[in-house]
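Beneath this line is the structure, given in structure tokens, with notes to follow.
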Amino acid sequence: MKKHERMAALVVLIVGCIVAYHSATALKIGSLQRPDSGFFPFIASAGMALSGGWLALASLGQDPNPSPFWEERAWMRPALAALFLLLYALGFEPVGYVISTFLLMVLWQWVIERVGWGRVLVMSLASTTIMWFLFEKLLGVPLPGGFLAA
Amino acid sequence: MEIWEGLLNGFSVALTGTNLLFAFLGALLGTAVGVLPGLGPAATISLLLPVTYRIGSPATAVIFLAGIYYGAMYGGSTTSILLNLPGEAASVVTAIDGYKMAQKGRGGSALAIAAIGSFIAGTLGVIGLTMAGPPLAEFALRFGPPEYFALTLVGLLLAVFLSGSSLAKGLITLCLGLLLASIGLDPVTGKVRLTMGVTNLESGFDFVTLAMGVFGLGEIFYNLEQTEAVQLVTKKIGRLWPSMKEWAEARWAILRGSILGFGVGLLPGGGAVLASLSSYALEKRLSKHPEEFGQGAVAGVAGPESANNAASSASFIPLLTLGIPANASIAMIYAALLIQGLQPGPFLMAEHPDVFWGVIASMYIGNVILVALNLPLVGVWVQLLRVPFSILGPIVVLFTTVGVYSINNSAFDLLMLLLFGVLGYFLRKLKFEPGPLPMAFVLAPMLENALRQSLLMSKGSMTIFFTRPISATLMGIFATIVIAQIVGGLRKRGAARHAQAV
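Line order of the protein sequences matches chains P and Y.
Okay, so the first sequence: first residue is 1 according to this note's numbering, each after it adds one.
Okay, so the second sequence: first residue is 1 according to this note's numbering, each after it adds one.
See below:
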């Protein structure tokens, strides 16, 4: 864990320093008498950088129980889920709610959950329809029709 | 007298058909969340925040979300006792002795003790809230910017200190929350901050998107990594009523747990988890037979279960009177109030008594609903574990995505949701406590405004926080807790070194 913590801490430290620099130069900190727009972000980012530095120092040295960040291919399912959701977010408005949601459910259950085709189709159809009914009809949220509506 | 009038008014709000229905739905959903491992109360409340946009009345929205929160505390005990599977973090210690009792055929007694203890503690907690809320709200009317700054800062730092995880990691999530809240227009100068040229970010991040990403989607991503399937174990539950001997062992533990839980629940960062852990430690220390703990001690179930319910009631006090959320779940309810156009804090009781008293009254009713839901339906709740994650996960994802889209009808929010989901996943993987993040996010505007106003008032002197009695007292309390933590840590380290040397 120490190695991964150290890497995370360094990322936090670098991000904190960049934002603190930006807050001080581009936004302006102002003075204690008259704080400017960068004052609060500077405090928050400096705090983040300092805490990151502290964590980096605390995680120095050998790991007594080294373990990989992901066991074997454990990253696969979360990575696929994130990829499917990215495609869903990009296609949601142009393709429309019905098709994009149905495809997301099919891909999620077939590729990630590895369930049988029968259940994939039933679950995808049911969840797409129920969610449409709940949001569009009951809560009055206008969901995008996409090219089906055109 | 005012309290009774307010409470009666609250009951007239809570007993309307719609509010009763939402209190019931909240308690039902909360119990289900408590039973199912993998989806905590904070995640569920965040998932349902978009729904509250469409609920017309603020009182109804908060009654519904509060029901989920305290319902989860009840539900968590069922699977802890019967299956050794804590559905949420506050029930982890209940599993130690509760499961042992179930293995010995006393599962029914354990469930009954947990439910009765939860009911008594929950009700005592709400009585405490009824009594302490109004005077505290009145007292908070004296607060100016320096007091609010001190209170918010101390609340946030205590949340980090008491979370029990690494201090550095807690501070990182706290600062990240403050930083994320700074993105967008500066409320004072109107200057655009930290948007990296993205126009959609000029109005800042939406709290619901952040909460649903970090808690909802992040938890789903994390659960996708876990391959262990939940095995349903069917045991003989035994009779659903404790014996006289068991009741005698439980009653003082329930009372102690209620008082301790109430006190801990008031502290920012305290919450139900710390309350149940502290109660277990206290009961073990006070017991004449500490060796029975871990082997099915009645007090090991009664104390922690009472404590976590009392704490969940008590955590509404800082929210409703001071406008400070004590934990991540309460931060979601804070956001729900903001969504409804209400500012949680000392003016809530005076300006919106229907919300203030309606929520409190609904908690009395909710406690009764929960006992009725939990004990007779115990078999149904255990069966709920048969729903596999392969069904539950995609439904939660769909609810999250469509829910986030519904807020602004913007696909950009879906991208932000994904970003926060990935952030939540890595926070969990790297064992960062995510709780301070939403708390800092919702409190950041108040913290920044109070700080800037205080500095303007004092012409740049930081002594303003230490010379005014209330803010100085708050800073003093914080310093005392920090010193106590450091001394406790050093003592522990010293004891460990001594043990190693021996």
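Virtual Cβ for every residue (Gly too), placed ideally from N, Cα, C.
Measuring C-alpha to C-alpha distances from glycine 403 of chain Y to each of P:Gly146, P:Glu136 and P:Phe147 identifies P:Glu136 as the nearest. Spatial neighbours of alanine 27 of chain Y in its own chain (CB-CB distance under 7 angstroms, excluding positions within 5 residues in sequence) are listed in chain order as Gly67, Gly71, Gly366, Ile369, Leu370 and Leu373. In this structure the stretch 147–166 of chain Y does not lie against the stretch 17–26 of chain P, because fewer than three pairs of beta carbons, one per stretch, are closer than 8 angstroms. The three-state reading of DSSP puts valine 192 of chain Y in strand, counting E and B together. Only those residues of the stretch 469–495 of chain Y whose C-beta falls short of 9 angstroms from the nearest C-beta of chain P would be listed, and there are none. The beta carbon of proline 353 of chain Y is closer than 7 angstroms to those of Gly6 and Asn9 in its chain, skipping five residues each way along the sequence. Listed in chain order, the positions of the stretch 199–215 of chain Y with a beta carbon within less than 9 angstroms of a beta carbon of chain P would be empty, since no residue qualifies.
Within chain Y, the residues placing a beta-carbon under 9 angstroms from that of isoleucine 112 of chain P are Leu224, Ser390, Gly393 and Pro394, ordered along the chain. Fully enclosed alpha helix (DSSP H) runs of no fewer than 4 residues occupy 76–95 and 97–107 of the stretch 71–123 of chain P, in order along the chain. Annotation: the continuous alpha helix (DSSP H) that includes glutamine 500 of chain Y extends over 469–501. Here the C-alpha atom of tryptophan 54 of chain P lies approximately 20 angstroms from the C-alpha atom of leucine 153 of chain Y. Annotation: Cβ neighbours of glycine 52 of chain P in chain Y (cutoff 7 angstroms, chain order): Ile172. Residues of chain Y whose Cβ lies closer than 8 angstroms to the Cβ of proline 78 of chain P are, in chain order, Phe221, Tyr222, Leu224, Glu225 and Tyr425. Aspartate 63 of chain P counts as exposed, since fewer than 16 other C-beta atoms from the protein chains shown sit within 10 angstroms of its C-beta. Distance from the CA of phenylalanine 205 of chain Y to the CA of alanine 9 of chain P, rounded to the nearest whole angstrom, comes to 24 angstroms. Chain-order list of chain P residues neighbouring aspartate 186 of chain Y: Ser37, by C-beta distance under 7 angstroms. In this structure, the straight-line span from the alpha carbon of glutamine 340 of chain Y to that of threonine 18 of chain Y is close to 17 angstroms. Note on geometry: alpha-carbon atoms of proline 78 of chain P and glutamate 246 of chain Y lie some 46 angstroms from one another.
Taking a cut-off of 8 angstroms on C-beta distances, the stretch 208–223 of chain Y touches the stretch 422–429 of chain Y, as three or more cross pairs fall below it. Taking arginine 73 of chain P as reference, the option from Y:Lys431, Y:Gln226 and Y:Phe293 with the minimal CA-CA separation is Y:Gln226. In this structure, the CA atom of leucine 49 of chain Y is about 10 angstroms from the CA atom of isoleucine 407 of chain Y.
Lysine 459 of chain Y counts as exposed, since fewer than 16 other C-beta atoms from the protein chains shown sit within 10 angstroms of its C-beta. DSSP places arginine 285 of chain Y inside the alpha helix (DSSP H), whose first and last residues are 271–286. With fewer than 16 other Cβ atoms inside 10 Å of its own Cβ, glutamine 103 of chain Y counts as exposed. If you check each beta-carbon in the stretch 36–68 of chain Y against every beta-carbon of chain P, the ones closer than 9 angstroms belong to Pro50, Val51, Tyr53 and Arg54. The C-beta of asparagine 409 of chain Y has fewer than 16 other C-beta atoms within 10 Å across all chains shown, which makes the residue exposed. For serine 59 of chain P, same chain residues with a beta-carbon under 7 angstroms away, outside a window of 5 residues either side, are Lys2, Glu5, Arg6 and Ala9 in chain order. Pairwise C-beta distances place the stretch 297–306 of chain Y in contact with the stretch 246–266 of chain Y, as three or more of them are shorter than 8 angstroms.
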